[in-house]
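Structure first, commentary second.
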Amino acid sequence: MIGLGCDQAGYELMQEVKKYLDEKGYEYKDYGTYSTDSVDYPVYGKKVAHAVAANECDCGILICGTGIGISIAANKVKGIRAALCHDCFSAEATRQHNDANILAMGGRVIGAGLAVKIVEIFLTTPFSGIERHEKRVQMLED
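Each residue of the sequence shown is one higher than the one before, starting from 57 at the first, in this note's numbering.
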């Protein structure tokens with residue numbers, strides 16, 4: 057299960073991400089927002105982060121205008137490793153090296169085609185399990 061959350065600036069890009077997830081058969085829970093009406097991104101970042109931290113969702117995808125604010129909000133929740141990614145290399149590396157459990161993107165920063173490719177890479181790239189990376193992830197948790 058993938059937890060989804062966005063603010064009004066990420067709403068349109070999130071609709072494109074949801075189309076991709078539907079096409080690929082991924083299950084997700086949409087924590088909002090549900091329109092382009094102005095809202096506060098920390099609310100949605102924390103909703104998804106709490107769902108991931110509580111194992112209600114395996115991972116999350118968050119989108120705000122830049123991806124910065126919503127990722128900061130998510131990272132306030134213990135056990136969350138939200139990574140802001142606007143390129144494919146970062147999406148792959150954060151899964152392999154950081155075992156990131158939430159992907160954040162900026163709806164005003166990247167287009168739908170790239171966002172969908174980043175989501176695909178994030179969802180299909182496993183954590184490497186290499187000892188040095190495991191040690192570093194544990195240091196983040198501690």
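We put the beta carbon where it would ideally sit given N, CA and C, even for glycine.
Cα atoms of C62 and T180: separation of roughly 22 Å, rounded to the nearest angstrom.
The segment 164-181 makes contact with the segment 119-130: 3 or more CB pairs, one atom from each, lie closer than 8 Å.
Below 8 Å, enough C-beta pairs join the segment 177-197 and the segment 148-157 to call them touching: three or more. Around the Cβ of I186, a 10 Å sphere holds fewer than 16 other Cβ atoms; the residue is exposed.
CA-to-CA, the gap between H106 and D93 works out to about 23 Å.
Inclusion of A109 and G135 in the CB contact set at 8 Å is warranted, their separation being smaller than that value.
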